[in-house]
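Each remark here refers to the structure printed beneath this line.
Protein chains: 2
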Amino acid sequence: MATDQLSVVFGALADPTRRAILGRLADGPATVNELAEPFDITLPAISKHLKVLERAGLISRGREKQWRPCRLEAEPLRAATEWMGRYRQFWESSFDKLDDHLRTLMKGTGQ
Amino acid sequence: MATDQLSVVFGALADPTRRAILGRLADGPATVNELAEPFDITLPAISKHLKVLERAGLISRGREKQWRPCRLEAEPLRAATEWMGRYRQFWESSFDKLDDHLRTLMKGTGQ
DNA sequence: CGGTTAATTAGCTAGTCGGTAAAGTATGCC
DNA sequence: GGCATACTTTACCGACTAGCTAATTAACCG
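Protein chains in written order, with the UniProt record's numbering: chain A, 1 to 111; chain B, 1 to 111.
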């Protein structure tokens, strides 16, 4: 996968286990074992997923006694959402049913 | 990569070439050669990228004479954006700086 | 200290990804 | 038909990914 920030973030989101982990973290911080509990995969596999999420800046990790609590860091999702925002008009209106010429024309009118 | 729709869409977006192709298609339909022109990669590589985008439902392809014009289909981005929407509060407010207890408490108040 | 719990690292396998070159398919046009 | 244009498919390659088991590190507890 490419190394630019957006690619890393989208790449991190392209896995249901990682999205589920983020979902869990939306309810508050959790330890690695707590995060692993719902899944049928081993702890090392979870550890790898967490590293991917950390590289994407989607989680941060503390140190508390023998636990390493994870916490959600949603900031990178702002950039991802903003990137998608460019296309919002194409799914919120019926513009995507029109041909290019007409679309260009209408864009010029400020709608 | 997993096969659920959201994973396939995020996976398709996790590559800068594919995102650039979508960017080009936002200006209107284009043929494969037109899409390939800005890049330093071979046509087969572009063809593969297009197949990934098509599998994600992000483009559709027609047939006009000997050309196979591609057109943007932004609909899948709606689901992707909606998924991220769950986390909007975490980057639009300072909630993500507070601890879980406080966040839970404030959520109960409706903001 | 020794043992337990928490989590990461190392090393392996199988499969996917992004790219290539070369061959194949489809259509248009003389 | 025959040739050119526009892609696509096939076969291959090196790098990366997701999973495993086994071993290691780190911190607490008695």
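We put the CB at the ideal spot given by N, CA and C, even for glycine.
Just so you know, these numbers come straight off a predicted model, no measurement behind them.
Under the assumption that residue i contacts residue j (Cβ atoms under 8 Å), give the Cβ distance between them as a whole number of angstroms.
{"i": "G62 (chain B)", "j": "R68 (chain B)", "result": "7 Å"}
{"i": "W91 (chain A)", "j": "E75 (chain B)", "result": "5 Å"}
{"i": "A45 (chain B)", "j": "C70 (chain B)", "result": "Their Cβ separation, rounded to whole angstroms, is 15 Å, which puts A45 (chain B) and C70 (chain B) out of contact at 8 Å."}
{"i": "R18 (chain A)", "j": "A26 (chain A)", "result": "Not a contact, Cβ separation roughly 13 Å."}
{"i": "G57 (chain A)", "j": "E73 (chain A)", "result": "6 Å"}
Closest to residue i by CA distance: which of the options is it?
{"i": "I59 (chain B)", "options": "B:P44, B:R24, B:Q89 and B:R88", "result": "B:R24"}
{"i": "A36 (chain A)", "options": "A:S47, A:E73, A:S7 and A:A26", "result": "A:S47"}
{"i": "K51 (chain B)", "options": "B:P38, B:M84, B:L22 and B:R78", "result": "B:L22"}
{"i": "Q5 (chain A)", "options": "A:V32, A:L53 and A:P16", "result": "A:L53"}
{"i": "A79 (chain B)", "options": "B:S7, B:D40 and B:F39", "result": "B:S7"}
{"i": "V9 (chain A)", "options": "A:H49, A:Q66 and A:P38", "result": "A:H49"}
{"i": "Q66 (chain B)", "options": "B:A20, B:V32, B:A2 and B:Q89", "result": "B:V32"}
Under 7 Å between beta-carbons, which chain B residues line up against residue i? List them in chain order, please.
{"i": "F10 (chain A)", "result": "F10, L13 and A14"}
Does the Cβ of residue i have 16 or more other Cβ atoms within 10 Å, making it buried, or fewer, making it exposed?
{"i": "D99 (chain A)", "result": "Only weak support is given to the placement of D99 (chain A): the predicted model assigns it a pLDDT of 49, under 50, and the question is left unresolved by the model."}
{"i": "E82 (chain A)", "result": "exposed"}
{"i": "D15 (chain A)", "result": "buried"}
{"i": "L77 (chain B)", "result": "buried"}
{"i": "L43 (chain B)", "result": "exposed"}
{"i": "T3 (chain A)", "result": "exposed"}
{"i": "G110 (chain A)", "result": "Only weak support exists for where G110 (chain A) lies, its pLDDT of 44 falling under 50; the value from the coordinates is given anyway. Exposed."}
{"i": "G85 (chain A)", "result": "exposed"}
Pull out every residue of the segment 63-81 of chain A whose Cβ sits closer than 9 Å to any Cβ of chain B, in chain order. R71, L72, E73, A74, E75, P76, L77, R78, A80 and T81
Going along the chain, which residues of the segment 20-36 of chain B sit with their C-beta nearer than 8 Å to a C-beta in chain A? Those residues of the segment 20-36 of chain B that come within reach of chain A (Cβ to Cβ, closer than 8 Å) are L22, G23, A26, D27, G28 and P29.
To be precise: take each residue of the segment 38-61 of chain A, compare its Cβ to all Cβ atoms of chain B, and keep it if any distance is under 7 Å. Which residues remain? Listed by position along the chain: nothing, the set is empty.
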